[in-house]
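Notes for the one structure printed next.
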């Protein structure tokens, strides 16, 4: 299924050129589906690049997603036009009273600052507090993960001796977590940061779970035990050339930056880099959306935040089991000749029973100038494929002869409902 984004968002043309299904707002309005509402808080300077990368990951799932973009109004953005922000982004004050199935908080190049020294820290704290009551599940990325785990659980960050920069091998330490379902035992992911969160601090906290780590890069993924907060300290959304662009940018600024580890063939920065993380990066976003957003979020979006994701997921499984049992009982009644169970009065039936017009009955209707017993899906005036023209031979059958009448029409579910 597609993502739903503003029709004129620049990322739209890029995604469509990559054969990614993007739904227009006009088309989405004609579908009777409640899409997942996901809000992207974009803290990166190059907002158009980051929004395109994350939209690319969100689009490769079987779910229909309505994506909103938000920025921090207390910070002046210098790398994106005011026109772009005004046209496609919203502020926290504008969504404060809304509810969302998911929230994604990106990274930001401010990790060497203390959290309290970041100019939009108070606004970010307010957004993270708001997410507890107005968002079902939140995914924090890189510095956003460091900020989130510090704000919610008091886990500090630590400055590294040198920038952790490159693509590193990781291992899954909690294979039972649906977040890494389908992952290889060892997988690769990009990192680009100057600070770190230590595994022992996460393991020591009773409300946190460690999911994946790297011998070289440290912690990659963790989550809260109530599945409301996810922390990914790498960059699974990165494109093939993102690390290369960062490397040459830092070189141009005169920074002492090492070649990204395990990225270029032969560590040659003039070679074409090899991207070996895209499949697992896509799977991480898909698993979060599927297992922790779609399968557990309430249908009434205004009730998000009132229960944990795991509790609502249990209720969803119980409801699915009850529905499956009802279907089995109805099928058994149909096989034994019993009557179909009447639908509950407060909800519409999932399908309607309609008579099936046999060829002989259709010929009778045509000869007697009666309309068919049931109009087809295309409309009452649409031609019925079972009808014969009046001048077509019908094997000598005469509807007024002593031939026994046709059997009563059978019933079948309408496949179009």
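Residue numbers (the working numbering): 4 to 420.
Just so it is clear, CB atoms sit at the ideal spot from N, CA and C, and this is done for glycine as well.
Per-residue DSSP class, three states only, for residue i
i           : result
residue 189 : strand
residue 217 : strand
residue 398 : With a pLDDT of 44 at residue 398, under the threshold of 50, the modelled position of that residue is not reliable, and no figure is offered here.
residue 40  : strand
residue 3   : An answer regarding residue 3 cannot be provided, because it is not within the stretch 4 to 420 covered by the chain.
residue 139 : strand
residue 92  : strand
residue 181 : helix
residue 269 : helix
residue 1   : Not covered by the structure: residue 1. The range shown for the chain is 4 to 420.
residue 240 : coil
residue 77  : coil
residue 115 : coil
residue 134 : helix
residue 13  : helix
residue 46  : coil
residue 121 : coil
residue 82  : coil
residue 307 : coil
residue 374 : Since pLDDT at residue 374 reaches only 42, below the 50 mark, its modelled position is unreliable, and no value is offered.
Residue range of the unbroken beta strand (DSSP E) whose run includes residue i
i           : result
residue 60  : Looking at the DSSP string, residue 60 is not in any beta strand (DSSP E); the run it does join, the alpha helix (DSSP H), is 50-62.
residue 166 : 161-175
residue 73  : 68-73
Continuous alpha helix (DSSP H) stretch holding residue i: start and end
i           : result
residue 95  : 95-98
residue 106 : Looking at the DSSP string, residue 106 is not in any alpha helix (DSSP H); the run it does join, the beta strand (DSSP E), is 103-108.
residue 247 : 245-255
residue 150 : 146-156
residue 287 : 281-290
residue 206 : 202-206
Beta-carbon proximity list for residue i, same chain, < 6 Å, skipping 5 on both sides
i           : result
residue 71  : 42
residue 222 : 200, 202, 216 and 236
residue 44  : 73 and 108
residue 253 : 260
residue 146 : 110, 111 and 114
residue 162 : 198
residue 40  : 69, 103 and 104
residue 274 : 267 and 268
residue 46  : 109 and 111
Beta carbon proximity, residue i to chain B, threshold 7 Å
i           : result
residue 236 : You won't find chain B in this structure, because it holds only one protein chain.
Per DSSP, cross-strand counterpart(s) of residue i
i           : result
residue 212 : 226
residue 195 : 168
residue 264 : 169
residue 235 : 144 and 224
residue 275 : According to DSSP, which records beta bridges pairwise, residue 275 is partnered with nothing at all.
Beta-carbon proximity list for residue i, same chain, < 7 Å, skipping 5 on both sides
i           : result
residue 329 : Because residue 329 sits at a pLDDT of 44, beneath the cut-off of 50, its placement in the model cannot be relied upon, and the following sentence gives the value as read from the coordinates. Excluding positions up to five away in sequence, the list is empty.
residue 279 : 170 and 191
residue 186 : 175, 283 and 286
residue 60  : 240, 284, 285 and 288
residue 418 : Low confidence applies here, because residue 418 scores a pLDDT of 42, under 50, leaving its location unreliable; read the following figure in that light. For residue 418, where only same-chain residues beyond five positions count, there are no Cβ hits under 7 Å.
residue 381 : Low confidence applies to residue 381: its pLDDT is 39, below 50, so where it sits in the model is not reliable, and the reading given next is rough at best. Taken in chain order, the list of residues that qualify is empty.
residue 118 : 124, 150 and 153
residue 208 : 156 and 158
residue 272 : 250 and 262
residue 92  : 72, 73 and 74
Proximal residues to residue i (C-beta, below 8 Å), its chain only, five neighbours per side dropped
i           : result
residue 211 : 152, 156, 158, 205, 225, 226, 227 and 228
Contact test: residue i Cβ vs the ligand ZN heavy atom, cutoff 6 Å
i           : result
residue 290 : The ligand ZN is absent from the structure shown, which contains no ligands of any kind.
Worksheet item: Between the stretch 128-146 and the stretch 210-219, do three or more beta carbon pairs fall short of 8 Å?
Response: Note that the stretch 128-146 does not touch the stretch 210-219; fewer than 3 beta-carbon pairs, one per stretch, sit closer than 8 Å.
Worksheet item: Do the stretch 179-195 and the stretch 150-165 meet, that is, are 3 or more Cβ pairs less than 8 Å apart?
Response: The stretch 179-195 vs the stretch 150-165: no contact.
Discussion item. If contact is defined by three or more beta carbon pairs under 8 Å, each pair taking one atom from either stretch, is the stretch 284-291 in contact with the stretch 69-85?
Written reply: The stretch 69-85 vs the stretch 284-291: no contact.
Fill in: the stretch 239-248 contacting the stretch 290-307, beta-carbon criterion three pairs below 8 Å
Verdict: no, contact absent.
Item to complete: Could you say if the stretch 257-275 and the stretch 162-170 meet the contact criterion of at least three C-beta pairs nearer than 8 Å?
Response: Counting Cβ pairs under 8 Å, three or more are found: they touch.
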